Amino acid sequence: MKFAWPRTFWRSVFLLVLAAGVYATWIRITGGLGASTHLSDEFPWGLWIGFDVLCGVGLAAGGFTLAAGVHIFNIRRYEPIVRPAILTAFLGYLLVIVALLYDLGRPERIWHPLVMWNPRSVMFEVAWCVTLYTTVLFFEVFPLVLERLGHRRPLAWMHRAMIPLVVAGVILSTLHQSSLGSLYLIVPEKLHPLWYTPWLPLLFFVSAISVGLAMTIFESWHSSKAFGHQLELPLLAGLGRLLAVVLLIYLTLRFRDLERRGVLGQAVEPAPETWLFWLEIGLTALPMFLLFRASTRRRPRSLYWCAVMVIFGFVAHRLNVSVTGMEAASGATYFPKWTEISVTLAIVALGFAAFRLAAKYLPVFEPAREAAEGPARPEVALAAAD
Amino acid sequence: MSLAVLFDSTRCVGCRECERACAQKWGLPYDERVAAEEKLSERKLTAVVTRGEVYSRRMCMHCLDPACASVCPVAALQKTPSGPVVYDEGRCMGCRYCMLACPFRVPVYEWSRPSPRVKKCNLCQERLLAGKPTACSEACPTGATVTGRREELIQEARRRIAAAPNDYWHGIYGLREAGGTAVLMLASVPPAQLGLPADLPQEPLPALTWRALSVVPDVVGIGSILLGSIYWITHRREEVAAAEGRREPRRATEDKRS
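As they're listed, the protein sequences go chains A and B. My numbering applies: residue 1 is where the first sequence begins, and numbers increase by one. My numbering applies: residue 387 is where the second sequence begins, and numbers increase by one.
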C-alpha cells in the first residue's frame, strides 16, 4: 500500500478546505458581502467574479471545443475524450452558478434577468448564456445517466437531438466566452491599457479554446492516475499540436492589438503591471514553443506541464483584466479576504470531488453505446511512455 | 423637457447645507462625523469636497446616455425622459456592474446589510415631477447649485464665463463628458483639480458594449448555418457509405474503444 498515505493526506486536505468553506459561507450569509469580502465602493468586483466566474467559465471550454471537433467536424478519433470534457463543462458551469450565488448581493434574485429584460446589457447576455448553456450541457450529460440505468428508448430519442444540441452549445459558448470579455468594454478609462482593448471579446474567445484544450489534457492525466486506466497519448499529443496553434493565434492577436493601439511601449515601463503582463505572456508563450516540438508532445509529463502553464497563463490574463489591471485607476488596493479565497478553494475542491464521483458511477470513460462495436484501439500505456 | 442642475464652484462657500438637505430627504442620519467624510457612501449621496481654496460637489451626474442603465441586466436603473437616472430596488439582484461601469464612480453599495441595495442620487425625481427644484438646490444659500432646463443652464453657464472670464476655467464640465450629463459644473480651475475624471471619452460609453452586442444575432444566425453545413459536409461520406450498404473502412486509430 504505497499510496495509502497520500490518499489520506489529500482526503484530509479536502475535508479541511470544505470545513473552512462552510465557515466562510456562514460568514457570507450572516455578515453579508461586507463581512466576507474586501470589496468596496471603489472596488466592487473581486476574486469571486475574477476567478470563480471568469476563469471557471473558461476552464469549462473543453466541452464545446471537443464536442464541435467530434460531432460537427467529425474528427472521430477524439470521441473517447468528449465525454469527460462535457462532464467537466457541466460541473464547471454548475460551480460558476454557485460562485455567482456568493457574489450577488441578492442571490435569491438570480432569476431576475430571465424575466426583467435589458438587451443592451452584456450582463443580460451573460445571464442568458449561462442559463441556456447549462441546460444544453445537462442534456448532453443526461444520456450518461440513462445509459447507466439501461433506459434504451429515451437514449435513442436523445441521440437524435444530439446534433442540434451540440450546435446550440457551440453557439452559446462562443457568445458566452466572448461576452465575458465584452463586460470590460465599458471601462476604457479604468482598465490599464495593456489589457483594455476593443478586441477583448475576441481574445477571451480564443484564450478559452486554448484553455479548454489544456484542461482536457490536464484532466486526462489526472483521471488516468486516479482510475488506473491508460492515457490516450496519441489523442493528447494531437490536442497538444492544436493547442500550440491556438496559442500562436492568441499571441499574434494579443501583440498585434498592442501594436495597433500604440501601447507596446507600456510593456517595458517600470510598473507592477509590466511584471504581471510578462508573467501572463511568459506562461502562454513558453508552453507554445515547447508544444511545437514533437519531443514535448511525445512525453505525457511534458505535455501535462505545458497544459498546467497554459492554465496558469490564462488565469493570469483574466485576473489581470478583472483585478490587477483595474487597481491603479480605482485608487484602492484590493486583496481578497481569507473568506473569498476559502470559498473559492472549496468550490474548486467540490469540482474535483464531483468529477471523481461522476467518473466512478457514470460511463464517462466508455464510448457511447451505439458505437460499441469494432476492435480496441491500440493505446500507449502511461507507464510505458513515462 | 430635460431637467438638470448647474453647480458653480465659484459661488460655493462649503457650508454643506446641500448635504444636510439630501440626507434629510433620504432619511439618513447626518452629523459632524458624516459631514467630515468627503466622499460618496451609503451614508451620503452627495458630498462637498474641499480642494485647497476650492469647493466641489460629488453627486450622480445623470448622464444623458448612462453607462449604469445600459449595463444593468435587469433594467433596475433607468434614464427618465425628464432627466433623472433612477433606481428600482425591487429589480436589483446586486451584481454591481453599474458600480464598475460608472465613469464617475457614483453608485455605492450597502455592503453590510443582509439585503443590500445600490444607492445613488435620483436628482429628486419626485420633487422635479412636482415642479420643485432639487433639495440641494433649494437648500443652497448662495445659489451655487440651481435646478433648471439643461439647455437654459448651458446658456446661463456660458453667460457667467463670458461675464467674468478671469474667474472661470473656460469650459462646462458635463457638456460632453461621457456623451453629456444632466449635472453641469463650473469652476475656477480645470476639472482634474476638482477631483473629477478629466479624460473621459466624449462618446457615450454604452456605444462601446453595444458594438459587441449588436453582432450577437449574426453569430447565432450565421454560426448555426455554418456549423450545420460543416456537419452536413463532414458526414456525407458516411451517408454515401450507408446508402451503398457498406461499412466505411476505418483506420485503427479512428476506432473507438470497446
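Don't be surprised by glycine CBs; every beta carbon is placed ideally from N, CA and C. Quantities reported herein were computed from a predicted structural model and do not represent experimental measurements.
{"query": "Spatial distance of Val504(B) from Tyr495(B) (CA atoms)", "result": "5 Å"}
{"query": "Tyr133(A), enclosing alpha helix (DSSP H) - first and last residue", "result": "Val122 to Leu149"}
{"query": "Cβ pair count under 8 Å reaching 3, the region 108-124 of chain A against the region 77-92 of chain A", "result": "no"}
{"query": "Which listed residue (Glu563(B), Cys510(B), Arg546(B) and Glu625(B)) has its alpha carbon closest to that of His556(B)", "result": "Arg546(B)"}
{"query": "Terminal residues of the beta strand (DSSP E) in which Leu463(B) lies", "result": "Leu463 to Lys465"}
{"query": "Cβ contact (3+ pairs, closer than 8 Å) linking the region 178-193 of chain A and the region 321-334 of chain A", "result": "yes"}
{"query": "Test item: CB-CB of Ser388(B) and Arg513(B) under 8 Å", "result": "no"}
{"query": "Closer than 8 Å to chain B by CB, Val17(A)", "result": "no"}
{"query": "is_contact[Asp257(A), chain B] using C-beta, thresh 8 Å", "result": "no"}
{"query": "Within 8 Å, strictly: CB atoms of Arg241(A) and Arg297(A)", "result": "yes"}
{"query": "Beta-carbon spacing of Glu280(A), Ala316(A) below 8 Å", "result": "yes"}
{"query": "Sufficient close CB pairs (3 or more, under 8 Å) joining the region 160-170 of chain A to the region 101-112 of chain A", "result": "no"}
{"query": "Neighbourhood of Pro519(B) by C-beta, 6 Å cutoff - its chain only, sequence neighbours within 5 removed", "result": "Thr533"}
{"query": "Where Ser574(B) sits in the DSSP three-state scheme", "result": "coil"}
{"query": "Nearest to Tyr334(A) (by Cα), restricted to the options Glu147(A), Thr324(A) and Arg7(A)", "result": "Thr324(A)"}
{"query": "Residue-chain proximity (Arg419(B), chain A), Cβ-Cβ < 8 Å", "result": "no"}
{"query": "Helix, strand or coil at Cys401(B) [DSSP, three-state]", "result": "coil"}
{"query": "Cβ distance (whole Å) where Thr274(A) is taken to contact Leu239(A) below 8 Å", "result": "About 32 Å; that fails the 8 Å criterion."}
{"query": "Contact check, Leu570(B) vs Arg437(B), beta carbons under 8 Å", "result": "no"}
{"query": "Contacting residues, own chain, Cβ-Cβ under 6 Å from Trp221(A) (five flanking each side not counted)", "result": "Tyr304"}
{"query": "Partner residues on chain B for Asn74(A), Cβ-Cβ distance less than 7 Å", "result": "Thr620 and His621"}
{"query": "Closer than 7 Å at the beta carbon, the chain A residues around Trp596(B)", "result": "Arg120"}
{"query": "His159(A), buried or exposed, once every other Cβ within 10 Å from all chains shown has been counted against 16", "result": "exposed"}
{"query": "Straight-line gap, Cys484(B) to Gln464(B) (C-alpha atoms, nearest Å)", "result": "11 Å"}
{"query": "Alpha carbon of Thr88(A) to alpha carbon of Arg7(A), nearest angstrom", "result": "22 Å"}
{"query": "Nearest residue (CA-CA) to Ala237(A), options Ile81(A), Leu155(A) and Thr339(A)", "result": "Ile81(A)"}
{"query": "Buried versus exposed call for Glu370(A) [16 or more other C-beta atoms within 10 Å across all chains shown]", "result": "Caution is warranted here: a pLDDT of 44 is assigned to Glu370(A), below 50, making its placement in the model unreliable, and the coordinate value is therefore given only provisionally. Classification for Glu370(A): exposed."}
{"query": "Euclidean distance between Cα positions of Ile209(A) and Ala68(A)", "result": "11 Å"}
{"query": "Short CB-CB distance (under 8 Å) between Ser610(B) and chain A", "result": "yes"}
{"query": "Continuous beta strand (DSSP E) assignments of at least 3 residues falling wholly in the region 154-184 of chain A", "result": "none"}
{"query": "Buried versus exposed call for Phe218(A) [16 or more other C-beta atoms within 10 Å across all chains shown]", "result": "buried"}
{"query": "Counted within 10 angstroms of its Cβ, other Cβ atoms place Lys425(B) as buried (16 or more) or exposed", "result": "exposed"}
{"query": "Chain A contact for Asp585(B) (CB, 8 Å cutoff)", "result": "yes"}
{"query": "For Cys449(B): DSSP bridge partner residues", "result": "Thr567(B)"}
{"query": "Leu54(A) vs Ser322(A) beta-carbon contact at 8 Å", "result": "yes"}
{"query": "Alpha carbon of Arg491(B) to alpha carbon of Leu264(A), nearest angstrom", "result": "29 Å"}
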